[in-house]
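Under full-length UniProt numbering, the first residue of the sequence shown is numbered 1, with each subsequent residue one higher. Even glycine gets a Cβ: it sits at the ideal position worked out from N, Cα and C. Just so we're clear, the structure is a prediction, and the values are computed from it rather than from any experiment. Below is one structure, written out as structure tokens; the observations come after it.
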Amino acid sequence: MNLISILITIFMICILVIAHEFGHFFVAKKTGVFVEEFAIGMGPKLFGHQGKETLFSIRALPFGGFCKMRGEEPEFDEEGNIIPKDPSILPDPRSFEEKNKGQKLLILVAGSAMNIIFAIVCLFIVALFTGHTNIFDAVGTAFYNTWRFAGLIFQSFAMMFAGQVALNDIAGPIGMVSMVGTYLNSGFIMLLAFTAMLSVNLGIINLFPIPALDGGRIFIILIELVSRRKFNPKTENMINFIGFMALIALMLLIAVNDIMRLAA
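Shown next, in the form of structure tokens:
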């Protein structure tokens with residue numbers, strides 16, 4: 001593990017997050033939602049630029065990011081209770097909450113869709129540099145390899161649930177640095193193919209019906225469509241909080257495994 005591998009890994013993660021959040025941002029703007037902030041990274045804000053409507057910011061921790069839309073989350077009082085809407089105030093037409101379920105689903109799916117598109121573009125470039133000089137052949141190869149990567153991801157999860165893959169075998173950001181170093185030694189094209197695989201991975205996992213992920217929110221909207229009843233916002237917020245804490249715990253566990261693997 002060296003500094004170059006670390007910097008390239010951080011850069012790759014930032015690019016994948018930008019692609020994902022841009023998907024949300026683009027469709028949100030197209031459907032008329034007011035986007036308050038587009039952030040790369042998490043934690044304290046290091047840099048910010050106020051656009052015509054949206055604040056574009058870079059934050060201290062180079063992992064993750066978010067696209068904050070007006071009305072996406074309920075407002076809370078000082079005691080942590082959800083503030084009910086004032087019926088005397090007209091609904092904000094540019095609020096995420098005021099959009100119909102179809103528009104909400106499009107916004108939520110757009111992040112993963114952009115990751116898949118980004119992967120196809122990367123694999124198209126890889127195909128051009130690995131003998132597929134015909135444009136249509138390169139496009140077909142890019143789509144095929146994207147589909148193949150998606151299949152490998154589902155296969156890996158199936159093996160994990162079947163007990164054939166242990167949690168210790170899963171690499172997190174720290175383990176990823178070592179993998180980036182290996183691909184970097186094999187050349188830029190191999191690194192680009194690895195980036196495409198990570199992008200497909202990010203896109204698919206975000207659609208899993210897990211609380212705090214896009215897929216969890218999509219699942220709740222689908223429940224509302226089937227039941228024709230509004231999901232309790234307080235319950236949804238609690239589910240998302242528990243899911244978020246569980247994801248943080250899982251990331252820490254994977255990071256510890258990465259460190260122990262490197263130290264062994």
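Closest Cα partner of residue i within the set the options
| i | options | result |
| --- | --- | --- |
| LEU61 | GLN50, LYS45 and THR54 | LYS45 |
| PHE118 | HIS20, ASN237 and LYS234 | HIS20 |
| VAL33 | LEU222, LEU106, GLY151 and ASN115 | LEU106 |
| ILE116 | GLY163, MET197, PHE136 and MET179 | MET197 |
| residue 323 | ILE4, ALA193 and MET245 | Residue 323 falls outside the range modelled here, since the chain spans only 1 to 264, and no answer is possible. |
| GLU73 | THR133, ARG228 and THR235 | THR235 |
| PHE149 | SER227, THR195, MET179 and GLN164 | THR195 |
Neighbourhood of residue i by C-beta distance below 7 angstroms, restricted to the same chain and skipping five residues each side
| i | result |
| --- | --- |
| ASP214 | LEU108, GLY111, SER112, ASN206 and LEU207 |
| PHE124 | ALA138, VAL139 and ALA142 |
| ASP92 | ARG70, GLY71 and GLU98 |
| ILE10 | PRO62 |
Cβ separation of residue i and residue j, assumed to be a contact under 8 angstroms, to the nearest whole Å
| i | j | result |
| --- | --- | --- |
| ILE242 | PRO209 | The Cβ separation is near 14 angstroms, so there is no contact. |
| LEU225 | LYS101 | 6 angstroms |
| MET42 | PHE63 | 7 angstroms |
| ALA39 | GLY65 | 5 angstroms |
| LEU191 | LEU16 | Going by Cβ atoms, the distance from LEU191 to LEU16 rounds to 13 angstroms, so no, they are not a contact pair. |
| GLY216 | ASN237 | That belief does not hold up - the Cβ atoms of GLY216 and ASN237 are roughly 12 angstroms apart, past 8 angstroms. |
| ILE8 | LEU184 | 7 angstroms |
Beta-carbon gap between residue i and residue j smaller than 8 angstroms
| i | j | result |
| --- | --- | --- |
| GLU36 | LYS68 | yes |
| ILE153 | VAL121 | no |
| ILE220 | THR130 | no |
| GLY181 | ASN2 | yes |
| MET160 | GLY23 | no |
| VAL177 | ILE18 | no |
Other residues of its chain near residue i: CB distance less than 6 angstroms, five sequence neighbours each side excluded
| i | result |
| --- | --- |
| SER95 | ARG70 and GLY71 |
| PHE47 | ILE58 |
heavy atom of the ligand GDP below 7 angstroms from residue i C-beta
| i | result |
| --- | --- |
| GLY131 | Looking at this structure, you won't find the ligand GDP or any other ligand, since it has none at all. |
Cβ neighbours of residue i in the same chain (closer than 8 angstroms, five flanking residues each side left out)
| i | result |
| --- | --- |
| LYS230 | GLU224 |
| HIS49 | LEU55, PHE56 and SER57 |
| HIS132 | ALA138 and THR141 |
Worksheet item: Counting Cβ pairs, one atom from each stretch, are 3 or more of them under 8 angstroms apart for the segment 143-161 and the segment 49-56?
Response: Below 8 angstroms, too few C-beta pairs join the segment 143-161 and the segment 49-56 to call them touching: fewer than three.
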